[in-house]
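So the first sequence is numbered by our numbering: it starts at 24 and just counts up by one.
For glycine and all other residues, C-beta sits at the position ideal for the given N, C-alpha and C.
What follows is a short report on a single structure.
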Amino acid sequence: MPLPGGAAAYHPDLAGAVREEEAGEAVPRWVVADAARDYPALLEAGARLDRVRDLRLAERILSRVEAHEPPAYVVASDPDAGTLFEREPDPVDGPAELTRLQAAWLDQRRRTAHAAIPGLGALLAAESAGALVAAEMGRTGVPFDREVHDRLLRDLLGPRPSKGMRPRRLQGLADQVAEAFGHQLNPDSTKQVLAAFHAAGVEVKTTHAWELHSVDHPAVEALKVYREHARVWSAFGWNWADAWVHDAVDRGTGRTAGRFRPVYIVGGADTGRWGTDGGGALQLPHSVREAIRADPGWKLVAADAAQLEPRLLAAISGDRAMIAATAADDLYTELAPSLGGERGKAKIALISAMYGGTAGDARQLVQLMRDRFPAAFEKVESAARTGEKGGLVRTWLGRTVPAPSERWWRALSSEEGTKSSASRGRFTRNFIVQGTAAEWALVLLALLRRDLYERGLGELVFFLHDEVMVHCPAEHAGEVSAAIERAAEEATRTLFGTMPVRIPLRPKVVDSYAEAK
DNA sequence: CGGGTGGGCGCG
DNA sequence: AAAGCGCGCCCACCCG
24 MPLPGGAAAY HPDLAGAVRE EEAGEAVPRW VVADAARDYP ALLEAGARLD
74 RVRDLRLAER ILSRVEAHEP PAYVVASDPD AGTLFEREPD PVDGPAELTR
124 LQAAWLDQRR RTAHAAIPGL GALLAAESAG ALVAAEMGRT GVPFDREVHD
174 RLLRDLLGPR PSKGMRPRRL QGLADQVAEA FGHQLNPDST KQVLAAFHAA
224 GVEVKTTHAW ELHSVDHPAV EALKVYREHA RVWSAFGWNW ADAWVHDAVD
274 RGTGRTAGRF RPVYIVGGAD TGRWGTDGGG ALQLPHSVRE AIRADPGWKL
324 VAADAAQLEP RLLAAISGDR AMIAATAADD LYTELAPSLG GERGKAKIAL
374 ISAMYGGTAG DARQLVQLMR DRFPAAFEKV ESAARTGEKG GLVRTWLGRT
424 VPAPSERWWR ALSSEEGTKS SASRGRFTRN FIVQGTAAEW ALVLLALLRR
474 DLYERGLGEL VFFLHDEVMV HCPAEHAGEV SAAIERAAEE ATRTLFGTMP
524 VRIPLRPKVV DSYAEAK
C-alpha cells in the first residue's frame, strides 16, 4: 500500500477500497512502506488495517540481523537471487512506487528465510502490528481531564503565571534556595549552584540529588523540592497541556473530552522498546497521573507485568529452577530464600545480574545468582562477554544489537578501550533481556488489539514498556480484564510454547491512572 | 542568534 | 559519580 496521497493518482478512493478488502472473506496482509507515515490518513478516513508488513521497520531489523555476514543479495550461489522477479505475483500496472514496494517485500521475504532465525518472522509481524497499535493509540489518545490537571498544578505550583514568570510557589522555593546560600542565584543553573556549594565549603563534584543526599546544608532540601516542582511545571505543566492535550467530541453525548495524544516511535530504542517524539508519554510523572481519567460511565483498565525482565531471563536461559519460581506472583519474594534472604536483596541480585552491577552488595549477590541459578547467570554473562569482544547478540525472536561502530573498534586498542568494552558488555548483557521483554510486549499488544476490536470491548489507549491501558465502557471492564490476562498468557505461549514459564499481567479497573499500581 | 552538548531527572 | 540497562525533555551553557 503506497502512501495515501500519492495513491489517489491511481486509486480514487484508497480508504474505501481498503475498507472493502478488510470486510471481505480473506483478510489481507497489507504491505506498507511506512505505517507511521501512511496509516494515520487511512485511519482518519475510517479505514482500519488488520494485518500489515511494515517495510521500513522490517528493514531495520533485517539489516541488523545481517550485520554479521555479507548481505544475502550479493551471495552469488543464492538460488533465489536470480528468480526474485520471476516469483513476483501478477505484474502491476501502477506507479513505479508499487513495483518498488513489491520488490522490497519479496527481497525481505527471501532475506528472512535466509537468516534462518526461527523467531524472525514472528518478530517482523509483531513489530508491524506495533506500528498499527502506535498509530491507533496516537489517534485515540489517553482520556485526560484538563481541570484535574490544572488543580494538581495549582496545588503544587500556585496559579498559572504570566509568560516569563515562575509560578508563585516555585518562586518561593527558588527564594528559599537563595536564602539558604545567603545570596541570589538561579537554581536552574548547575554552574551557579555548584559555585554556591563550594563557597559554603561543601566540596561536591556534581549537584546530583544522590550526591547531595549526604550533604548537610539547608539549601539541599529546598533545591530538591525546587527541582521536582520545576520539572512538573516545565515538562508537564500548562504549556505541555496546551501542546499535547486536545479536545475530542465524546461519542453519544456530544460533550468534549480531553485527550492526551502523544506520538509513539515504534522500536525507538535499539532494544525494540518504543520511544516518543514529543509529549513525554513515557515519562509521565506520578504526580500528574490523576489527570488521566476515564470518561463518565467508562473505566480504565490498567495492567502491568510484574518483574517482566527476570521472568524472561528465566525463559530465555531455560534455567529450570528460575522457571519454576515464575509460578509465584512476586518473583523477588519467591527467590529471596535463595538470594540473600530478603526480597530487597533478591531484587538487587537479579537486577545487578541483568544490568552488570558490581557495587555495594551487588557483587556478592550476583555470586549467589551464579551459584543458585547457573543457567540464568551464564546467559547474561555470555551475552556480556560476546559484547565486550565486539560480537553481536540477539533477543529470543532475533532482534540483533547494532554492530559496534568503527570508532568503537578503534578505541578498543587504546586506553579508553577497557571502558568502552565493559560498557558495550553491559549493553549486550541487558539487551537480550530488555529486548525480549519488548517483543513479548509487542506480541501481547498485537493479540490484545485484535481481541478488543473483534469483540468491541474497548480501545487501547496507552502502552509503557510493560504496562497497557484500555479505555472501555464500565460494563465491559471485567471482560477487558480477562482479555488482558488471556493475551498475556497467549503471548507467553507464542514465544515459549509449552515451557512452564509464567508471565502474568495484572489488570486493575480504575477511574484514574493514579489509582493503578 | 541558533544549534549542539551536558547536567539533571522523569519514566520503565 | 551512581555501582548498573534503556529512553525523552528541559535548562543552561558554549561555540560558531
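In this structure, does DSSP put residue i in helix, strand or coil?
i, result
"Lys397", "The residue you asked about is not Lys; residue 397 is Pro in the sequence shown. Helix, per DSSP."
"Asp36", "coil"
"Pro112", "With a pLDDT of 41 at Pro112, under the threshold of 50, the predicted position of this residue should be treated as unreliable, and no value is reported."
"Trp297", "coil"
"Arg529", "strand"
"Trp419", "coil"
"His137", "helix"
"Lys322", "strand"
"Glu482", "strand"
"Ala328", "strand"
"Arg316", "strand"
"Arg284", "coil"
"Ser535", "strand"
"Val289", "coil"
"Pro166", "strand"
"His499", "helix"
"Val456", "helix"
"His488", "coil"
"Val311", "helix"
"His206", "coil"
"His252", "helix"
"Arg447", "helix"
"Val424", "coil"
"Val268", "strand"
"Ser493", "The sequence shown places Val at residue 493, rather than the Ser named in the question. Val493: strand per DSSP, three-state reduction."
"His172", "helix"
Nearest to residue i by CA position, among the options, is which residue?
i, options, result
"Glu482", "His488, Arg473, Ala329", "Arg473"
"Ala139", "Glu89, His221, Leu179, Val171", "Glu89"
"Leu66", "Thr299, Ala38, Ala56", "Ala38"
"Leu467", "Ala152, Arg430, Gln194", "Ala152"
"Thr459", "Ser340, Ile507, His206", "Ser340"
"Ala223", "Gly277, Glu120, Val200, Ala40", "Val200"
"Phe400", "Arg478, Ala253, Asn453, Arg316", "Asn453"
"His221", "Tyr378, His240, Ala232", "His240"
"Arg2", "Ala328, Glu490, Ser436", "Only positions 24 to 540 of the chain appear in this structure, which leaves residue 2 out of reach."
"Ala232", "Val243, Glu226, Leu147", "Val243"
"Pro285", "Ala271, Phe519, Gly303, Asp77", "Gly303"
"Trp463", "Trp419, Ala500, Ser444", "Trp419"
"Leu487", "Val424, Pro360, Tyr287, Ala68", "Tyr287"
"Val491", "Tyr536, Gly367, Ala407", "Tyr536"
"Thr517", "Pro141, Ser212, Trp128, Gln207", "Pro141"
"Val424", "Thr409, Ala46, Ser437", "Thr409"
"Gly291", "Glu150, Asp394, Leu480", "Glu150"
Can you tell me the Cβ-Cβ gap for residue i and residue j, rounded? I've got them flagged as a contact below 8 Å.
i, j, result
"Lys322", "Val532", "5 Å"
"Leu85", "Ala314", "That belief does not hold up - the Cβ atoms of Leu85 and Ala314 are roughly 41 Å apart, past 8 Å."
"Val248", "Leu196", "6 Å"
"Gly144", "Val484", "Not confirmed; about 29 Å, so no contact."
"Met522", "Ile346", "7 Å"
"Val225", "Ser310", "That pair is no contact at about 29 Å."
"Glu332", "Met392", "The Cβ separation is near 14 Å, so there is no contact."
"Val55", "Arg74", "Actually they do not touch by this definition, with Cβ atoms about 11 Å apart."
Considering residue i, what are the terminal residues of the alpha helix (DSSP H) in which it resides?
i, result
"Thr276", "Looking at the DSSP string, Thr276 is not in any alpha helix (DSSP H), and its letter there is neither H nor E."
"Pro63", "58-67"
"Ala216", "In the sequence as displayed, the identity of residue 216 is Val instead of Ala. 213-222 is the extent of the alpha helix (DSSP H) around Val216."
"Thr229", "Unbroken run through Thr229: none, as it is neither H nor E."
"Met377", "366-378"
Work out the CA separation of residue j and residue i for me, nearest whole Å.
i, j, result
"Leu470", "Ala157", "14 Å"
"Asn8", "Asp300", "Nothing in the structure corresponds to residue 8, since the chain is present only between 24 and 540."
"Asp170", "His269", "According to the sequence shown, residue 170 is Glu rather than Asp. Each residue's alpha carbon lies about 13 Å from the other."
"Leu235", "Glu502", "49 Å"
"Glu159", "Ser375", "36 Å"
"Ala407", "Arg447", "8 Å"
"Pro427", "Thr451", "11 Å"
"Leu305", "Ala326", "15 Å"
"Pro530", "Thr441", "45 Å"
"Gly298", "Pro397", "34 Å"
"Arg509", "Arg478", "14 Å"
"Ser237", "Thr230", "11 Å"
"Ala271", "Asp77", "29 Å"
"Pro63", "Arg162", "7 Å"
"Val324", "Thr276", "22 Å"
Please list the terminal residues of the continuous beta strand (DSSP E) segment that includes residue i.
i, result
"Asp77", "74-77"
"Arg52", "52-55"
How about residue i: is its Cβ closer than 7 Å to a heavy atom in the ligand HEM?
i, result
"Gln306", "The ligand HEM is absent from the structure shown, which contains no ligands of any kind."
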